[in-house]
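One structure is given here, and the rest of the page talks about it.
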Amino acid sequence: MGKAFDPSLIVDFIPTLIYYLGVTLQILAASVLLGMVIGIAAAILRLFRIPVLNQLVILYISFIRGTPILIQLFLVFYGLPAILLFINIDISRMDALYFVIITYALSNGAHFAEIFRGAIKAVDYGQTEAAYSVGMNNSQSFFRIVLPQAIRIAFPNIANSIIGSLKDTSLAFTIGVMDMMGRGETLIAATAHALEVYLSLAVIYYAVVLLFEKIFRLYENRINRHQSVDVSVTG
10 MGKAFDPSLI
20 VDFIPTLIYY
30 LGVTLQILAA
40 SVLLGMVIGI
50 AAAILRLFRI
60 PVLNQLVILY
70 ISFIRGTPIL
80 IQLFLVFYGL
90 PAILLFINID
100 ISRMDALYFV
110 IITYALSNGA
120 HFAEIFRGAI
130 KAVDYGQTEA
140 AYSVGMNNSQ
150 SFFRIVLPQA
160 IRIAFPNIAN
170 SIIGSLKDTS
180 LAFTIGVMDM
190 MGRGETLIAA
200 TAHALEVYLS
210 LAVIYYAVVL
220 LFEKIFRLYE
230 NRINRHQSVD
240 VSVTG
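Quick note: the working numbering has the sequence shown finishing at residue 244, numbered continuously throughout.
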């Protein structure tokens, strides 16, 4: 059992835990950026139904969506070094932070792939035909016309996934990464005030999520401003 609840400790714990917020945000930023690249690539492979690769992408997405992130984290942390050792590459001493980033990048990539696939299919094909009519090739049409519109369509779901990924990073401590949650566990071990530590973490995570929601809302309004004007004019 822990010690008697002391609300004043929350004020003391929050600054200590916030110091490690940078590690949490580093994991989030790196995994989201890599996840975007993986997601777009996977979505393209699925849309063009490239033989073999399409089936592999479907299996990858299905596996990620069907297994807990904690299991994926352990599989990468213990499995990747074992696999690479067969080709004489030893990464067993690599910082655990990189294994966390790889895991969350793969997880985000699977979710982003389905988000982007749906968004790309939602873009009117007439946009592509118009691009061809002015002399663009397939790549130019996709990256200059279709993809920017798909990102706008997908943004609300992307924002939700990023917020979900932020909260999932709290599991990084299970393989030894000293992020906010990891520091919280050491505080609990040192003070036996678990409730105060978890309340402090809840306050920080909630504040960061509120900030992200505000930023995402402002950005969504910005990228949709021309559409709003069009709607008001046609109305």
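A virtual CB, placed ideally from N, CA and C, is assigned to each residue, including glycine. These numbers come from a predicted model, not from an experiment.
What did DSSP end up calling residue i once you bin it into helix, strand or coil?
i: methionine 189; result: helix
i: serine 17; result: helix
i: aspartate 99; result: coil
i: valine 143; result: coil
i: valine 132; result: coil
i: lysine 252; result: The displayed coordinates of the chain run from 10 to 244. Any statement about residue 252 would go beyond what the structure contains.
i: histidine 120; result: helix
i: alanine 257; result: There is simply no residue 257 to check, as the chain begins at 10 and stops at 244 in what is shown.
i: aspartate 177; result: helix
i: asparagine 230; result: helix
i: tyrosine 207; result: helix
i: tyrosine 29; result: coil
Hey, how far is the Cα of residue i from the Cα of residue j?
i: phenylalanine 125; j: phenylalanine 83; result: 27 Å
i: alanine 199; j: alanine 114; result: 33 Å
i: arginine 58; j: proline 90; result: 32 Å
i: threonine 178; j: proline 16; result: 26 Å
i: valine 217; j: leucine 42; result: 19 Å
i: arginine 234; j: threonine 137; result: 23 Å
i: serine 71; j: leucine 18; result: 44 Å
i: isoleucine 73; j: glutamine 81; result: 8 Å
i: alanine 181; j: valine 212; result: 19 Å
i: glycine 127; j: valine 155; result: 12 Å
i: serine 148; j: leucine 93; result: 34 Å
i: valine 242; j: tyrosine 214; result: With a pLDDT of only 34 at valine 242, under the threshold of 50, the placement of this residue in the model should not be trusted; the figure read from the coordinates follows. Using only the alpha carbons, I get a separation of about 41 Å.
i: tyrosine 228; j: phenylalanine 164; result: 9 Å
i: isoleucine 53; j: glutamine 158; result: 15 Å
i: isoleucine 25; j: leucine 79; result: The sequence shown places threonine at residue 25, rather than the isoleucine named in the question. C-alpha separation (whole angstroms): 26 Å.
i: tyrosine 134; j: isoleucine 162; result: 15 Å
i: valine 61; j: isoleucine 197; result: 49 Å
i: leucine 68; j: isoleucine 47; result: 14 Å
Out of the options, which has the shortest C-alpha to C-alpha gap to residue i?
i: alanine 297; options: Leu26, Ile160 and Ile232; result: Here the chain covers residues 10 to 244 and nothing more, so residue 297 does not appear.
i: arginine 226; options: Leu79, Glu194, Asn166 and Gly44; result: Asn166
i: tyrosine 87; options: Ile73, Asp104 and Phe221; result: Asp104
i: serine 170; options: Gly191, Ala128 and Ser116; result: Ser116
i: leucine 259; options: Ile197, Lys223, Ile47 and Leu34; result: The structure shown does not extend to residue 259, since the chain is modelled only from 10 to 244, so the question has no answer here.
i: leucine 210; options: Arg192, Ala128 and Lys223; result: Arg192
i: isoleucine 129; options: Asn97, Gln64, Ala51 and Phe108; result: Ala51
i: phenylalanine 22; options: Val206, Met145 and Val61; result: Val206
i: isoleucine 49; options: Leu220, Phe152 and Leu219; result: Phe152
i: glycine 44; options: Thr76, Ile111, Ile100 and Asn97; result: Ile111
i: leucine 219; options: Thr183, Thr195, Ala168 and Arg231; result: Ala168
i: valine 20; options: Asn230, Arg231, Leu208 and Ser150; result: Leu208
Quick one: does residue i have its CB under 7 Å from some CB of chain C?
i: alanine 216; result: Looking at the structure shown, chain C is missing, and only one protein chain is on hand.
Is it the case that the CB of residue i approaches a heavy atom of the ligand SAM more closely than 6 Å?
i: methionine 190; result: For the ligand SAM, the structure offers nothing, since it holds no ligand at all.
Completely contained alpha helix (DSSP H) runs for the stretch 31-94, where each covers 4 or more residues: 62-75, 78-83 and 89-94
The stretch 174-187 contacting the stretch 110-121, beta-carbon criterion three pairs below 8 Å: yes
Would you call the stretch 194-210 in contact with the stretch 11-28, where contact means no fewer than 3 C-beta pairs closer than 8 Å? yes
Whether or not the stretch 178-191 and the stretch 27-47 are in contact is what I'm after, with contact meaning three or more pairs of Cβ atoms, one per stretch, closer than 8 Å; do they touch? yes
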